[in-house]
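Before any comments, here is the structure.
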Amino acid sequence: MDYVPYLEYVVYGLSGAILLGASIFAVRKLILWKGVYPSPESLRIQAAREHGWWRGIPNLKRAANSFFNTWRTGLTIVILLGLTTGFGFVISTFFGSISWESVDIVWQVHAAIVGLSFVVIVFLMDYVTRSNHVDSVLERFVEKSFVKPVLYFSLLGTVAIGFSYLYSNYLPVGLEADYAVSYFVITVLGILAVYYSILRLILDTSPDEYAYSLLKKHITRKIESDAKVHQSSKVIRDQLSDEIDLVNFRYGIGPSESDCITIDDLDKKQYVSDIKPRQYTDALYQLFETLQEAEGESSIVGEETTVRSEVRLNQDAEQYSIIVDTSQDLTDIDLESVKEELDQCILTSSSPPWPPYLEDPYEFVDYLERKGVNTVRNGEFGSFSEFVKNYGDVMMHVLTELEQQDSLFQYGRYFELESPFYNLERIFLSVFSECLQERDREQALETAKVLNSVTNYSLKNDLQPPFRNFIYIYSGFVFELCSRKSELPEVFAAGIIDELAQSLNIVFTDAVQKDCDNFDSFDVNRMREEGYSFSLLEEIHKMLKYALDVKDARTFIRIWEIPSISRDQSRIEIGDEIQSEIKQLLFSAASLSYSVAKQDHQHKEEFKKIYDRKLKRFFRELGDMSDVYFAIQNSNRNPPRWTKWETQEHDVVQGSHGRPVFLDNEITEFYCFLGIYCVYYSEFDDENPIKEKSISESDFQSLRFTVQEIIRTKPLFNLEEYMDEKELEEHAEQFLEYHEEIMEPKDKESA
Numbered sequence: 021m022d023y024v025p026y027l028e029y030v031v032y033g034l035s036g037a038i039l040l041g042a043s044i045f046a047v048r049k050l051i052l053w054k055g056v057y058p059s060p061e062s063l064r065i066q067a068a069r070e071h072g073w074w075r076g077i078p079n080l081k082r083a084a085n086s087f088f089n090t091w092r093t094g095l096t097i098v099i100l101l102g103l104t105t106g107f108g109f110v111i112s113t114f115f116g117s118i119s120w121e122s123v124d125i126v127w128q129v130h131a132a133i134v135g136l137s138f139v140v141i142v143f144l145m146d147y148v149t150r151s152n153h154v155d156s157v158l159e160r161f162v163e164k165s166f167v168k169p170v171l172y173f174s175l176l177g178t179v180a181i182g183f184s185y186l187y188s189n190y191l192p193v194g195l196e197a198d199y200a201v202s203y204f205v206i207t208v209l210g211i212l213a214v215y216y217s218i219l220r221l222i223l224d225t226s227p228d229e230y231a232y233s234l235l236k237k238h239i240t241r242k243i244e245s246d247a248k249v250h251q252s253s254k255v256i257r258d259q260l261s262d263e264i265d266l267v268n269f270r271y272g273i274g275p276s277e278s279d280c281i282t283i284d285d286l287d288k289k290q291y292v293s294d295i296k297p298r299q300y301t302d303a304l305y306q307l308f309e310t311l312q313e314a315e316g317e318s319s320i321v322g323e324e325t326t327v328r329s330e331v332r333l334n335q336d337a338e339q340y341s342i343i344v345d346t347s348q349d350l351t352d353i354d355l356e357s358v359k360e361e362l363d364q365c366i367l368t369s370s371s372p373p374w375p376p377y378l379e380d381p382y383e384f385v386d387y388l389e390r391k392g393v394n395t396v397r398n399g400e401f402g403s404f405s406e407f408v409k410n411y412g413d414v415m416m417h418v419l420t421e422l423e424q425q426d427s428l429f430q431y432g433r434y435f436e437l438e439s440p441f442y443n444l445e446r447i448f449l450s451v452f453s454e455c456l457q458e459r460d461r462e463q464a465l466e467t468a469k470v471l472n473s474v475t476n477y478s479l480k481n482d483l484q485p486p487f488r489n490f491i492y493i494y495s496g497f498v499f500e501l502c503s504r505k506s507e508l509p510e511v512f513a514a515g516i517i518d519e520l521a522q523s524l525n526i527v528f529t530d531a532v533q534k535d536c537d538n539f540d541s542f543d544v545n546r547m548r549e550e551g552y553s554f555s556l557l558e559e560i561h562k563m564l565k566y567a568l569d570v571k572d573a574r575t576f577i578r579i580w581e582i583p584s585i586s587r588d589q590s591r592i593e594i595g596d597e598i599q600s601e602i603k604q605l606l607f608s609a610a611s612l613s614y615s616v617a618k619q620d621h622q623h624k625e626e627f628k629k630i631y632d633r634k635l636k637r638f639f640r641e642l643g644d645m646s647d648v649y650f651a652i653q654n655s656n657r658n659p660p661r662w663t664k665w666e667t668q669e670h671d672v673v674q675g676s677h678g679r680p681v682f683l684d685n686e687i688t689e690f691y692c693f694l695g696i697y698c699v700y701y702s703e704f705d706d707e708n709p710i711k712e713k714s715i716s717e718s719d720f721q722s723l724r725f726t727v728q729e730i731i732r733t734k735p736l737f738n739l740e741e742y743m744d745e746k747e748l749e750e751h752a753e754q755f756l757e758y759h760e761e762i763m764e765p766k767d768k769e770s771a
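Numbering follows our numbering, in which position 247 of the sequence shown is assigned residue number 267; successive positions increment by one, without gaps.
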């Protein structure tokens with residue numbers, strides 16, 4: 021008998037150990053099922069530790085919200101059961117036990133309330149669905165109002181109360197009728213809470229506001245998950261050997277099936293949820309060595325062996341299933357050991373580790389676009405102001421979220437392939453186009469004001485890819501105005517162009533300052549990729565072409581005035597280079613205008629306006645004009661040649677009235693043409709204004725031939741009414757003498 025207590029302790033200890041082991045095993049399986057390796061080797065755990073995903077109150081709140089949203093229904097039911105138990109204990113302790121006879125009435129009332137609640141809730145849900153015009157809004161509405169867990173809890177309560185009443189004699193001691201009554205009370209309170217939640221959403225939140233809020237939550241979750249994906253990719257990159265490359269954003273057309281290993285090859289599920297980086301990099305290096313051995317055994321000399329890692333968290337096998345891409349055909353190479361290693365270090369799941377908030381965000385974008393267009397079409401001025409306010413708020417929300425996740429800007433193609441805007445920018449164009457169609461100047465300017473606001477914000481906070489997108493929208497506005505020139509009243513279109521040009525002029529000045537602050541030295545390739553001013557010049561290039569296409573001198577002149585920099589900015593190296601780029605762009609634009617005017621009689625009057633108001637003043641001195649011309653001729657920057665006219669149109673308007681134009685010859689002819697006029701209205705005091713330059717004999721002969729053609733054909737001869745043919749020949753001869761004087765010595769002797 022003395023040994024029995026010890027035996028009892030042993031049994032309790034073994035039972036506890038078995039229960040603890042079973043719990044650990046179950047938790048581990050649950051974690052694996054959710055797509056995380058329960059090990060320090062887990063990429064998600066390493067990235068979270070390195071980048072502080074769980075550090076700080078905001079990150080902890082986001083992690084808690086994510087956990088709760090994942091287990092919303094189960095956790096809510098557990099909480100309700102806990103409240104039921106607690107309230108039942110309070111009843112039995114402070115109010116005395118309730119007899120089981122009264123539970124019969126409680127059961128019937130409970131069942132009646134649950135049945136009635138089904139009817140009412142279905143009616144309210146139908147109202148919500150019909151009023152929102154977005155098919156998937158019901159799912160989020162049900163989730164936010166906690167309908168599912170409360171209904172599950174209510175149905176479970178009907179069964180539990182009935183069972184406890186019918187078998188009350190067989191219930192264990194301590195499980196009294198108080199808990200059945202408590203269940204009834206908590207059920208009623210839960211249903212009332214659902215009613216309140218639904219009615220509050222219906223009465224206090226308009227369908228539009230709800231759609232906006234859902235879209236904003238989706239954008240927030242997408243940007244956060246994208247940041248986690250790229251931060252985790254950095255952890256892998258840091259552990260890769262020099263022989264292995266890490267590829268970011270390879271979508272669409274990829275390697276052939278014979279030179280890569282895919283998720284399907286490993287018989288995995290759809291989404292990559294976790295990786296063991298060290299084991300993964302070892303597998304890649306093993307593959308690299310295997311390929312090198314195979315290449316050494318082959319008698320064919322091929323290209324250098326390369327292995328590229330293409331796996332990343334949240335990767336969807338249906339969109340892109342490649343894990344590793346190589347430079348060799350893998351058909352005849354034994355890769356079983358490599359695939360086995362990869363299979364052990366890549367964890368997949370049937371759902372993404374960071375699921376999107378909305379299944380189809382484009383559905384919401386389409387709804388918002390229709391809303392904006394219909395508001396303009398129906399003349400709902402108050403509604404339009406509200407729409408513009410909410411739409412601008414969504415756009416600003418994207419920018420503020422991007423600002424917080426600035427690591428995404430290290431991946432240049434992110435905005436090209438995974439933009440968090442979901443084509444939201446196109447709403448600017450659709451609404452603006454509808455404003456022009458309805459001849460509503462105020463609404464068009466209000467739309468442009470929102471665009472200006474987000475453009476300035478992206479510039480101020482150094483968000484270059486969004487800035488580039490917004491500037492593209494500006495050129496779309498100009499294209500819309502130019503393409504509707506024959507339809508719109510001249511004063512109407514001119515007023516909008518003036519407002520756009522004024523806004524862009526301020527933006528351009530700020531963009532130049534931002535480039536001066538960001539760049540220590542001038543690198544034209546980097547400036548074209550990252551420079552704000554160069555992004556603007558690219559779109560100004562298009563706007564000038566649109567204006568010339570419809571022979572609109574006024575719009576051409578207003579766009580011409582946009583790119584300007586301050587005197588202080590021009591003293592900085594970056595500012596001086598930007599100033600040079602501006603002059604080359606404008607000179608090329610003027611050359612195109614000259615070329616069009618020669619061929620189209622209707623454009624001659626428009627060109628005369630451009631000449632009188634801009635060219636005569638901007639290129640008045642031969643020395644200054646020659647600086648620009650020689651810079652274009654000697655530049656290796658590939659200055660604008662005004663090609664691809666037909667491929668640079670916007671999606672809003674199909675087709676183009678334009679044509680591709682190559683300006684190599686036109687620039688030279690325009691230089692000669694304008695140079696003759698510079699000689700006409702300038703006095704040089706017998707000093708060569710271009711004496712610091714030099715040209716080859718072939719270039720001089722080209723100039724001579726061009727000048728002779730101008731004298732013979734006399735294009736646009738009536739620009740200066742007081743210059744006759746004799747003066748034209750004299751000034752042309754003087755122009756050539758200046759250039760003959762600067763011909764290189766060897767060429768001059770041979771000439």
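Note that the Cβ used here is the ideal one computed from N, Cα and C, for glycine as well.
As the structure is a computational prediction, the values presented were derived from the model and not from experiment.
| Query | Result |
| --- | --- |
| V570 (DSSP reduced to helix, strand or coil) | coil |
| Exposure of G399, with buried meaning 16 or more beta-carbon neighbours within 10 Å | exposed |
| DSSP state of K543 mapped onto helix, strand, coil | The residue you asked about is not Lys; residue 543 is Asp in the sequence shown. D543 falls in the coil class under three-state DSSP. |
| Local conformation of I366 per DSSP, three classes | strand |
| Same chain, Cβ closer than 8 Å to S450, five either side skipped, listed in chain order | E389, G392, V393 and V672 |
| Sufficient close CB pairs (3 or more, under 8 Å) joining the segment 353-363 to the segment 410-422 | no |
| Bridge-paired residues (DSSP) for D345 | C280 and R328 |
| Inter-residue Cα distance where the pair is K571 and S370 | 58 Å |
| Alpha carbon of N481 to alpha carbon of D426, nearest angstrom | 10 Å |
| 7 Å Cβ shell around A567 - same chain, five flanking residues per side excluded | C502, T575, F576 and I579 |
| Status (buried if at least 16 other CB within 10 Å, exposed otherwise) for N654 | exposed |
| Proximity winner among P509, Q533, S608 and L444, relative to I493 (alpha-carbon distances) | L444 |
| Inter-stretch contact (C-beta, 8 Å, three-pair minimum) for the segment 163-175 and the segment 235-249 | no |
| Inter-residue spacing [alpha-carbon to alpha-carbon] between K624 and A617 | 5 Å |
| For S722, the three-state DSSP class (helix, strand or coil) | helix |
| Distance between D258 and A513 (C-alpha atoms, nearest Å) | 55 Å |
| Coil, strand or helix - A180 by DSSP | helix |
| Nonlocal neighbours in the same chain, by C-beta distance under 7 Å from L212, ignoring five residues either side | none |
| Cα-Cα separation, I353 to A314 | 7 Å |
| Residue environment, N685, which counts as buried when at least 16 other CB atoms sit within 10 Å | exposed |
| Presumed contact (8 Å Cβ cut-off) between K288 and S62, rounded CB distance | So it is not a contact: roughly 17 Å between Cβ atoms. |
| Distance between R633 and Y232 (C-alpha atoms, nearest Å) | 47 Å |
| Range of the contiguous alpha helix (DSSP H) that encloses D537 | E510 to N538 |
| Assigned exposure category for N472 - 16 Cβ within 10 Å defines buried | buried |
| Nearest residue (CA-CA) to D535, options F497, I598 and D146 | I598 |
| Closest by C-alpha distance to L723, when choosing among Q299, C692, S714 and Y477 | C692 |
| Per DSSP, cross-strand counterpart(s) of V292 | T368 |
| Buried or exposed by the 16-neighbour rule on C-beta atoms within 10 Å, applied to W665 | Confidence at W665 is low in this model, with a pLDDT of 43, below 50, so its placement is unreliable and the value that follows should be read with caution. It is buried - the Cβ of W665 has at least 16 other Cβ atoms within 10 Å. |
| Spatially closest choice to T9 from D285, V327 and S718, by CA coordinates | Shown here, the chain extends from 21 to 771; a query on residue 9 therefore has no answer. |
| Residues that DSSP places opposite D336 in a beta bridge | Y291 |
| Distance, Y442 Cα to P381 Cα | 7 Å |
| Pairwise C-alpha distance: S541 and R591 | 13 Å |
| Euclidean distance between Cα positions of E338 and D284 | 10 Å |
| Cβ-based neighbour list, F404, same chain, cut-off 7 Å, excluding 5 preceding and 5 following | T395, V396 and Q463 |
| Beta-carbon proximity list for H71, same chain, < 7 Å, skipping 5 on both sides | Q251 |
| C-alpha gap between M145 and Y552, whole angstroms | 48 Å |
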